[in-house]
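Residue numbers (the numbering used here): 209 to 1331. Here a beta-carbon is modelled for each residue, glycine too, at the ideal position from N, C-alpha and C.
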Amino acid sequence: MEKVLRLRKASVKKADMFSKRTIKPHTPVTSVDTASEALAVSLGEKATIDMDYMMELSGKSENEIFEDLKGVIFLNPLYEYGNSYEPKYLMADEYLSGNVREKLRIAKKSAELYPEDYKVNVEALQKVQPKDLTASEISVRLGATWLPPDDVQEFIFHLLETPRYAQWNIKVHFSPFTSEWNIEGKSYDKGNVRAYNTYGTSRINAYKIIEETLNLKDVRIFDYIEDDEGKKKAVLNKKETAIAQSKQEMIKQEFQDWIWSDPERRERLCKSYNEKFNSVRPREYDGSHIIFNGMNPEIELREHQKNAVAHILYGGNTLLAHAVGAGKTFEMVAAAQESKRLGLCNKSLFVVPNHLTEQWAAEYLQLYPAANILVATKKDFETKNRKKFCGRIATGDYDAVIIGHSQFEKIPMSIERQRAILEQQLEEITGGIAELKRNRGENFSIKQLEKSKKSIKQKLDKLNDQTKKDDVVTFEELGVDRLFVDESHYYKNLYLYTKMRNVGGIAQTEAQKSSDLFMKCRYLDEITGGRGTVFATGTPISNSMVELYTIQRYLQYNTLVKNGLQHFDAWASTFGETITAVELTPEGTGYRAKTRFAKFYNLPELMAMFKEIADIKTADMLNLPVPEAKYHNIAVKPSEMQKEMVASLAERAEQVRGGGVDSSVDNMLKITNDGRKLALDQRMLNDMLPDFEGSKINACVDNIYRIWKENADKKSAQLVFCDLSTPKNDGTFSVYNDIRKKLIERGIPESEVKFIHEADTDMKKKELFQKTRKGEVRVLLGSTQKMGAGTNVQDKLIALHDVDCPWRPSDLEQRSGRIVRQGNENPQVDIYRYVTEQTFDAYLYQLVEGKQKFASQIMTSKSPVRSAEDIDETALSYAEIKMLATGNPYIKEKMDLDIQVQKLKMLKSNFLSEKYGLEDKVIKFYPQQIAYLKSRVEGLTKDVETAKLHPKPTDEQPLGMMVSGVSYSEKAEAGQAIINACKSMNSPDAIPLGEYRGFQMELYFDTVQRNYVVKLKGETSRDVPLGDDAHGNIVRIDNGIERFEEALADTKNSLENTEKQFETAKQEIEKPFAKEEELRAKTARLDELNILLNMDKKENEIVGGEPDEGEAVGGRKEKSYER
C-alpha cells in the first residue's frame, strides 16, 4: 500500500503506517480524585462542563464540585431565567469574556435574588470591566450613526442660530433601514446669513451641506449646459464645488469643537459609546486539555495550534489569521476531527484552492491516518457526475469532504432559501421606503430604494420561474454543518451597499462566488447558532481596512446587527474617515473621483469586536523554527540617462496637472509606472538605450552568480522576484531574459535557471518545484502573482532578490514567506532589495513599509493604536514625483511642518482632555468632596469633644467598658471579653460589641487583612485592628479614641487644600491652549505650502460625472434638492 505522503515532496514512499505507530488507542479515564481533574477530563471528553459525568468520575456531589471549583467555573445566570439551551455552568475564560458589561448587569440582577450563588459572579465581572474611555479618546464624526438625531439637530440650531419659528419645521431623521440621515425642511430658514453665507453658499445652503456630510458624501455642484444636439448635460462647476467643500470642512471642524464642549452631553455620549462599543473583553482560548483522539502520535501540535483548535471548538465562527507557515492546515483538520468526536458537528466541508485538494487530503491523512474523507476531483464536478458526487456527500458518513473553491460554487442553495432571503430584503426595503416617505425624505433616496426593490423583485420572479429540477442537490441537502474555507481572502469581493461614491476597497459589483458564500454562511449561522464557519488566511487585510468589515459580515453578522453596524455606512461613520481622491479609470481613458479611507479611528473597540472571531498570530508572536533573514539594501547610482528621464517625468506631471494633456494620453498612474520601470532598468522605457553597467539588474546578476558559486557544494537555490517585466520571445527587452542570458554567459548551466512562467500546467509546476527543492534548478525567476502564495520550494533556498518593489505590503510578505519558512535547511538566508538612487525606488519601499506598519498595528495581540492611516493607494501624487525629481526645498519645510503640526495637535488634544476632566471635577467632584469634608469636620469636632468629656481612665480608676452587655472595670477582663466575642463570631459581618468612653463599639472580621477590627462609632467612625493580647487591645482602643483629634486636624487640612484646588481648577478651565497661536500659524503655513506644492491636488480635485439626483445643479439652485 503506497501513498503520496506530501505532494510537495513529490517522492513516492511507503506510508508511515508501515514503519511507525500512526494510531494510538484512546483509553478513557474512569475515575479521578479531585474536582479539577474531573473538570479537565469532562472538557477533554465532552468539550463542556458535564456535571453528571464529573460526579460519576469523582464520586462527589454537584454542590461539592461547584464549591471546589468556584472561580474556575461559574453558575450561568441565563440558565436560571429558563433558557434551557444555555449551559448551567461556564468556564471562567468563557464567562469573563465577551460583552462583560451586559453580563455584569444580568449577574447583579441575579445576585439580588440569590446573593449566595451570584455574589462571586458580580465580583469577578467587576474586575474585568473595560476602562471607560473619556471624550478625548473617542473620535466622533458628523454622521456617526450612534449619535442621537436630537444631538445633531441641537448642533445645527446652535451653529446656524436657527430662529425659533424655523425650528418647528426643521427636523433631523435617521433611518436604521437604510442607515440614511435626512433633514426635513432644509429650505425653510431662507433669510439666515449663517445658513447661506457663513456656512453655505448661494448654490447650496448649510442645511443641505450638513445632510450630505451626515451621509458621508462630499459636496458637488453641477451646472446644466446644452450640447450640440440640444441635450441637457450636467457639468461639474469646479469653482462652486471648491467653495462648498471648504464650507463643508468648516462645518466638520465646528462639530468637532462643539460635540464634547457641554459636560452633560459629554457624559451621556461617552456612556452611550462605552456601552455600545467598549464592552467586549476578548476570550483567551486554552487547548492544553484537548485529547485529539485518533491523531498520529508522531505529530505534536504546537501550543498556538491547540489554542486555535480550542477557539473553533468553544468559540463561535472563527478566522484563523495566522502568519504564513503557522500550520493552519493541521489546526483545521484537528478541529474538524474533534468537533465530530465531541458531537459538535456531523460533517465538515473543506473548501480549498483548486490545485491544493490532493495536498490537503495527504496532510489530512498524515495527521489522522484512520479518517474517513472524501476528496473531489475535476471529473466529479463535470455536469454528468456532479449529482452522483453530491449524493455521495449527502449519504456518506464522512469525517470531512474536501473540494476546490470553484467546485463549491457549483453546489447551489435551495430555491426556497434564496427566495426567503430575497423576501426578507424586500421587506426591509419596503419598510425603509415607508419611513422615508413618513419623514418627507429625499426623492433621490426613495428612488434608489425603489430601484433596489425592483431588482430584488426581478430576482424573485426569475427564481419562481425555475421549477425545482430533480437533478440538483442543494447545499442544505449535503448534511454539512461545519464549513472550513482555506485562503478565504479569495472571497473578499463581497458586495456592500453604500451611499458613498466609488469607495476604494468596496466591491460595487456582485461577485457571484462571494454572495454564494455569504448566503451559505448565513444558513450555517442559523442551524449552528453562529458556530459553523471557519476561515483561514495569512493576509486578512492586504489593501484596506474595508476588508476587515467584509470578514465581519461573513463571520460576525449578528454582532454587527446587534451594534447597529449591519450597514457599511454605519460602520464607516463609527470607525473611519474618507477623503475623495482622483485616480485613473481602470481602462485608462480618463479620471474618476474615488473616495477612499484616509484614516481609521476607535481601533481598539473595533479590534475587540473583531477578536471575538479572529485568532491572530503574527510571525513575531509565533517564534517558528524558520531561518533567520538578513536584509541587504543594495543602492546603485543612476545613469545620466536615468537622471534626465526622472526630470522629464516631473515635466510630464506638470503638464498633467495643468490639464495640458488628455488623461487618456498621459496621467499620474502612467507616470508612476514609467517611473517604476525606469528605476528597474532604463531599457524598460526604450529598448535602444544602452545596458548601463552600474544598473541594479547588473548588481543583481553579480550577487546571484557569487552566491551560486559559493554554495555549489550544497546546491543551494535562489529566487528572483520581478513584477514589472515578463519573459519575452519577440526580441524586445525583458529583465527576465537579460538576467538569464548574463548568468548563462558567466557559466551557470541553462538547465539551472528557470522562469516560473514556463510551468504553465499543474503537472509542470509540480515538477519545477521538485527540481528547485532538490537543487537541480538553482535560480528561479517569477512574479509575486505566479511565485507567491502556494509556492513551497524552501528546502534549499539561500537567497532571495527583489529587483522591484510591489505596491502592497502583503505582496512583500508573500515574497519573503517563500524563503523564511519551516523546512528550509539553511539556518540563515539573505534577502536583497535593489534600489536605484534618485528614482522612485527608495520612496516606494518607504511607502510599502508604512503600509505594512499600519497592517501590523492592527493585526497585533496587543491593544492597537487608537487611530491609523489606511493603506489603499497605488499612484504617487504630483508633489511626490516633483519632490523625487527636483529636491524642492519647500518639500523639506512641508515635511518638518507636518511633524510639528501633528505634535501640536496632539498637545491640544491632550490639553482638551485635561480641560474636560477638570470641568467634570468642577461640576461634580469638588463640590461633593467639599460638602463631605465640611460635614466630616463637623462630626470629628463633636467626637473630639466627646473624647475630652470622657478622658482615658488612669490605672487607679475603673475602666467602665461595656462588652456584650456586661460592664468591666478591669482592663484584662474587658480585653478577654473582646477576644471571646471574636471567637464566637460566625460571619465576617459587623455585630454590636458594646460601649466605651461615650463611643459605640462594633466588631467585624476584615477578610482582606485577615484580622478582627473594632469600629468606634460617634458622629464619625474609626477602625481599630485587634491583636491577640487582651491588655494590648484596650491600649489600642484608647489610642484610637485619642486619634480623633489627629483626624480632625488632617481633615481640616484636606478641606482647605480641596477648596484651594477648586478655585485653581475654575481658573484653569478658563485658560486657552497656550500654543494655539503657534498651531494656527503653522497650520496656515502648511496650508500655504500645500497650495504651493499642490500637495492636496489628488485629495481635493473633483472630477465630473453625473450628479446624484438631488445635488445642486445649474440655475435651479434650490429646486433641484428641496421642496
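Taking the alpha-carbon of residue i as reference, which of the options has the nearest alpha-carbon?
i: Tyr1042; options: Gly1248, Val844 and Arg402; result: Val844
i: Ile1249; options: Leu704, Val1222, Tyr1098 and Pro835; result: Val1222
i: Gly551; options: Glu848, Arg690, Leu422 and Glu492; result: Arg690
i: Trp1015; options: Asp968, Asp359 and Asp1049; result: Asp1049
i: Asn580; options: Gly996, Glu636 and Arg600; result: Arg600
i: Thr526; options: Ile273, Met540 and Val532; result: Met540
i: Asn562; options: Leu582, Cys553 and Gln615; result: Gln615
i: Ile821; options: Thr1215, Glu492, Gly1202 and Gln978; result: Glu492
i: Lys278; options: Tyr297, Leu286 and Ser266; result: Tyr297
i: Ile611; options: Asp241, Phe589 and Arg914; result: Phe589
i: Gly533; options: Ala343, Met829 and Asp669; result: Met829
i: Met158; options: Gly737, Arg730, Lys728 and Glu785; result: Residue 158 lies beyond the range of the chain shown here (209 to 1331); nothing can be said about it.
i: Asp1236; options: Arg1218, Ser1229 and Arg1230; result: Arg1218
i: Met995; options: Asn284, Ile964 and Lys819; result: Ile964
i: Glu475; options: Thr449, Ile1131 and Lys1283; result: Ile1131
i: Asn701; options: Tyr415, Phe274, Arg627 and Ile749; result: Ile749
i: Glu546; options: Asn515, Phe500 and Phe430; result: Phe500
Kindly list the residues whose CB is nearer than 6 angstroms to the CB of residue i, restricted to its own chain and excluding five residues on each side of it in sequence; keep chain order.
i: Val693; result: Val559 and Phe743
i: Lys721; result: Glu617
i: Ala543; result: Val517 and Ile520
i: Asp1246; result: Lys1160
i: Asp1019; result: Thr992
i: Asn329; result: Phe282 and Ala315
i: Tyr1204; result: Met1169
Mind checking who residue i pairs with in its DSSP beta bridge?
i: Asp694; result: Ala744
i: Val681; result: In DSSP, Val681 forms no bridge with anything.
i: Thr786; result: Phe805
i: Phe382; result: Trp389
i: Ile1199; result: Leu1211
Can you check whether the CB of residue j is closer than 7 angstroms to the CB of residue i?
i: Leu989; j: Ile1039; result: no
i: His1239; j: Ala1198; result: no
i: Tyr396; j: Ile412; result: no
i: Leu160; j: Ala602; result: With the chain covering 209 to 1331 only, the question about residue 160 has no answer from this structure.
i: Thr1044; j: Lys904; result: yes
i: Leu1297; j: Lys1113; result: no
i: Asp823; j: Leu528; result: yes
i: Leu932; j: Lys1004; result: no
i: Ala248; j: Ser266; result: no
i: Pro285; j: Ser318; result: yes
i: Ala343; j: Ser781; result: no
i: Ile433; j: Lys441; result: yes
i: His497; j: Leu251; result: yes
i: Phe818; j: Arg891; result: no
i: Leu671; j: Arg627; result: yes
i: Gln208; j: Lys1283; result: This structure does not reach residue 208, given that the chain is present from 209 up to 1331, and the question cannot be answered.
i: Gln1030; j: Pro833; result: yes
Please list, in chain order, all residues of the same chain as residue i whose beta carbon is under 7 angstroms from its beta carbon, the five residues on each side excluded.
i: Ile507; result: Leu575
i: Phe363; result: Phe463 and Trp466
i: Gly798; result: Because the pLDDT at Gly798 is just 38, under 50, the model does not fix this residue reliably, and the point stays unresolved.
i: Asp1128; result: Pro471
i: Lys1123; result: Ile1277
i: Gly1312; result: In this prediction, Gly1312 has a pLDDT of 43, which is less than 50 and means its spatial position is unreliable; what the coordinates show is noted afterwards. Closer than 7 angstroms at Cβ, skipping near neighbours: Val443 and Leu444.
i: Lys587; result: Asn593
On the premise that residue j lies in contact with residue i, defined as a C-beta separation below 8 angstroms, what is that separation, rounded to the nearest angstrom?
i: Val987; j: Val961; result: 5 angstroms
i: Ser387; j: Ala778; result: 5 angstroms
i: Lys484; j: Trp354; result: 6 angstroms
i: Arg981; j: Val1001; result: 6 angstroms
i: Leu421; j: Gln456; result: First, the residue type needs correcting, since residue 421 is Thr and not Leu in the sequence shown. With 8 angstroms as the limit, Thr421 and Gln456 qualify as a contact, their Cβ atoms being about 6 angstroms apart.
Starting from the C-beta of residue i, find all residues in its chain whose C-beta is less than 8 angstroms away, skip the five residues before and the five after it, and write them out in chain order.
i: Gly1226; result: Gly1147, Lys1150, Asp1151, Thr1154, Gly1206, Phe1207, Gln1208 and Phe1252
i: Gly301; result: Correcting the residue type first, residue 301 is Asp in the shown sequence and not Gly. So the list reads Arg491, Glu492, Tyr493 and Asp494, once near-sequence residues are dropped.
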